[in-house]
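Q:
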Amino acid sequence: MSIPRVEEDEVEQLPPDIAKKARALLFSLVRPHLPMAVFLLVIVVLTALFLVIGPIFIADALDNGVPQAVAGDPGPLIRAVSAFVISAIASAVLAFASTRLVGITAQKVVYSLRSRLFGHIQRLDLGYHERSTSGRLVSRQTSDMESVQQFLTYSLFDTALALFEMTFIAVTLIVLDVPLALVVFLGFIPLFFITKSAHSSQRNAYRRTRTSIAKVIVHFVETMGGIRAVQAYRRQPDRRGTLKDEDTAYRDANTDALRGVAWFAGWTRLVGNVTQTVIIIVGAWLVIEGWTQIGVLAAFILYLRRFYGPLDELVQSFNLYQSASAALEKMAAVLDTDPEVVAPAHPKVLPAHSTDRNSGATSAEGSGQAPSGRSIDLNHVRFSYGDGPDVLPRFDLRIPAGEIVALVGATGAGKSTLVKLVTRFYDPSEGRITIDEVDLRDLDDAQLRKSVVMVTQESFLFAGTIADNIRIGNPDAGDDEVLAAATAVGLDPYIRNLPEGYETDVKKRGGRLSSGQRQLVSFARVFLANPDIVVLDEATAHLDIPSERLVQTALATVLEGRTAIIIAHRLSTVEIADRVLVMDSGRIIEDGTPDELISGAGKFAQLHKAWRDSLV
Ligand SMILES: Nc1ncnc2c1ncn2[C@@H]1O[C@H](COP(=O)(O)OP(=O)(O)O)[C@@H](O)[C@H]1O
Ligand SMILES: [Mg+2]
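Here the sequence shown is numbered in my numbering, starting from 35 and rising by one per residue.
#1: Pull up the distance between the alpha-carbon of residue 280 and that of residue 360, whole angstroms please.
#2: Relative to the C-alpha of residue 599, which residue among 549, 434, 637, 107 is closest?
#3: Counting only runs that start and end within the region 447 to 531, where is the alpha helix (DSSP H) found for 4 or more residues in a row?
#4: In chain order, what are the residue ranges of uninterrupted beta strand (DSSP E) at least 3 long that sit wholly in the region 196 to 233?
#5: Is there at least one non-hydrogen atom of ligand 1 closer than 7 Å to the beta-carbon of residue 419?
#6: Looking at residue 601 and residue 570, is the spacing between their C-beta atoms short of 8 Å?
#7: Any heavy atom of ligand 1 closer than 7 Å to the CB of residue 450?
#8: When you measure from the CB of residue 374 to every non-hydrogen atom of ligand 1, does any distance come out below 7 Å?
#9: Does the Cβ of residue 618 lie closer than 7 Å to at least one heavy atom of ligand 2?
#10: Put residue 547 into one of helix, strand or coil per three-state DSSP.
#11: Can you tell which of 140, 431, 323 has its C-alpha closest to the C-alpha of residue 466?
#12: Does DSSP put residue 623 in a helix, a strand or coil?
#13: Nearer than 7 Å: is that true of the beta carbon of residue 572 relative to any heavy atom of ligand 2?
#14: Just to confirm the assignment, what range does the alpha helix (DSSP H) spanning residue 306 have?
#15: Out of 529, 512, 229, state which residue places its alpha-carbon closest to the alpha-carbon of residue 297.
#16: Does DSSP put residue 106 in a helix, a strand or coil?
#17: How would you write the range of the alpha helix (DSSP H) that residue 81 sits in, first residue to last?
#18: Measure the alpha-carbon distance for residue 502 versus residue 639 and round it to whole angstroms.
#19: Can we count residue 425 as close to ligand 1, meaning its CB is less than 7 Å from some heavy atom?
#20: Could you round the C-beta distance between residue 309 and residue 209 to whole angstroms and report it? I think they count as a contact, below 8 Å.
#21: Using 7 Å as the cut-off, classify the Cβ of residue 457 as near or not near the heavy atoms of ligand 1, replying yes or no.
#22: Is residue 195 near residue 81, with beta carbons less than 8 Å apart?
#23: Three-state secondary structure (DSSP) at residue 570?
#24: Which residues in the same chain as residue 286 place their Cβ atom closer than 6 Å to its Cβ, once the five residues preceding and following it in sequence are excluded?
#25: Within 7 Å: the Cβ of residue 164 and any heavy atom of ligand 1?
#26: So, at 8 Å on beta carbons, what are the nonlocal neighbours of residue 425 in its own chain, with the 5 sequence-adjacent residues on each side left out?
#27: Would you mind stating whether residue 562 and residue 438 have Cβ atoms separated by less than 8 Å?
#28: Quick one: what does DSSP say residue 604 is sitting in, helix, strand or coil?
#29: Quick one: is residue 307 buried, meaning 16 or more other Cβ sit within 10 Å of its Cβ, or exposed?
#30: Classify residue 413 as helix, strand or coil using the three-state DSSP reduction.
#31: Taking 7 Å as the cut-off, is the CB of residue 445 close to at least one heavy atom of ligand 1?
#32: Alpha carbon to alpha carbon, what distance is there between residue 444 and residue 519?
#33: Please go through the same chain and pick out, in chain order, the residues whose beta-carbon is closer than 6 Å to the beta-carbon of residue 464, but skip the five residues on each side of it.
#34: Is it buried or exposed, residue 513, if we count other Cβ atoms within 10 angstroms and call 16 or more buried?
#35: Around the Cβ of residue 643, are there at least 16 other Cβ atoms within 10 angstroms (buried) or fewer (exposed)?
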């Protein structure tokens, strides 16, 4: 009764050199903004300089300004204080400018990453999508993207600023007073080891947070996608239990990561405070001995605050960095996956339609051009999914232009596989498939999608109106063409009954269509698309039109003049076919006209007889 869990490797399967690929990806994203990046670098350096220069003016005010003011000359004190104020204002202005520019640039980078990822996911072949859980891709576009965005927007600049600031402070300390600077640098030794150990432990913890949030999303998306089955079989407790486990793993990964943060923050604070104490003691001694000035000591104490302040920031940035680089690696892995079905480098086009084809010239086609089919040839085609067993061991078939072929056979016989090859959602493992003598692998992708259209059981409706949904078949179609298509397939009367007719929003209350009506929307799309070849994979299964006649009329209208392969659910639809193919275990076992097969003694005759009997 256990529901299968999302496997670890299903969520996380990264190629070994992924860190390199992620870096390359980041660089390619930043490259268009290189001038801006350089400009920002200059701003960072300037900001750090202004931040670091402040305490020098304070030291100057204390050591020179105050004594001279006491002696009656306020000039140097006023100058030192003004310089401090000016540097403070300058760093404020720079902070505004840099934050603004970083915001703009980071959003541009994330925008291009987002669109690149989306574009690539759409290009990946159907095989990839059938293999991978959709939740995985959802988490790439949501939580992983969020993580990269956070880092680029909030912490990349701060990290750079902190690093420059710390470097400048170190240099200033040496210039101000070498012995005191050495005391500060002694504190770096434990800091180095703390940072190093934090780095390795954090890295794993952050990877785990990325993996576990992906699992939470995968589980959520899957449950929502299968909510009908979940509710129908009362599997909510199971699903909740699994989600609880995934959530617990996510919580624990985060807790672990944050434990590292706390540990690091505590240690750096401790080292900082100890260093400060030592500086005060040693500094006081040096001042008493007259080896250094009180202003320099004050500057040191201010610098130490500034030095350990950014360190805290670095810890935060470091976390975001870990998270973002894990996320970027996963996106790089998706972008690194090449589609298996690739568009040809030198596309060929189909020959122009010759006029002697049996074209149903009488039909009122949307595009005004009468349909005429094209021939389909399968030569020595062998096919298996991945490394799996052969689904089609060796397949040879010729379908002349304009022929309507019904494909029947038991579940698992390979019918859907065959049509997924003809529509080039997959490429054959061996052999070739041609349309009008052009190999599908050479055929121009746009022309392939225009000439060959597949309709499946699930008629997906996109958000929008009914008219929009029919127009998927041909985005350029005018309202009259949409109306003609809906009328041709018998959908028009239903649409007229909807609250806002063709403008009804399909996702809104009142715009919901039954599965049969959705199927008719698919047919209307085909009618508008006006392809040469139509493939129907059990596409009539949901048609709940009262009369079989209407189904047949709708089908006959859509298929008129085209080459068609119908995987038939109801045997009545076979009657409009010119030819019937009976498939078994990836092979054709019977091939003939409906009449021949029905009157024969084969499998189809048996099926047909059983079906006839069931009708009376
Ligand atoms: N995406 C897939 N990956 C791996 N095997 C598949 C996939 N789709 C179908 N199969 C296998 O291929 C065989 C034929 O399936 P299919 O073509 O869908 O049959 P039919 O449409 O005739 O019911 C079945 O054994 C099925 O398990
Ligand atoms: Mg099937």
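C-beta atoms are modelled at their ideal positions from N, C-alpha and C, and glycine is treated no differently.
A: In brief:
#1: 19 Å
#2: 434
#3: 449 to 456, 479 to 485, 500 to 504, 513 to 522, 526 to 531
#4: none
#5: yes
#6: yes
#7: yes
#8: no
#9: no
#10: coil
#11: 431
#12: strand
#13: yes
#14: 270 to 322
#15: 229
#16: coil
#17: 68 to 94
#18: 43 Å
#19: yes
#20: That pair is no contact at about 19 Å.
#21: no
#22: yes
#23: strand
#24: none
#25: yes
#26: 417, 418, 419, 448, 451, 620
#27: no
#28: coil
#29: exposed
#30: strand
#31: yes
#32: 33 Å
#33: 416
#34: exposed
#35: exposed
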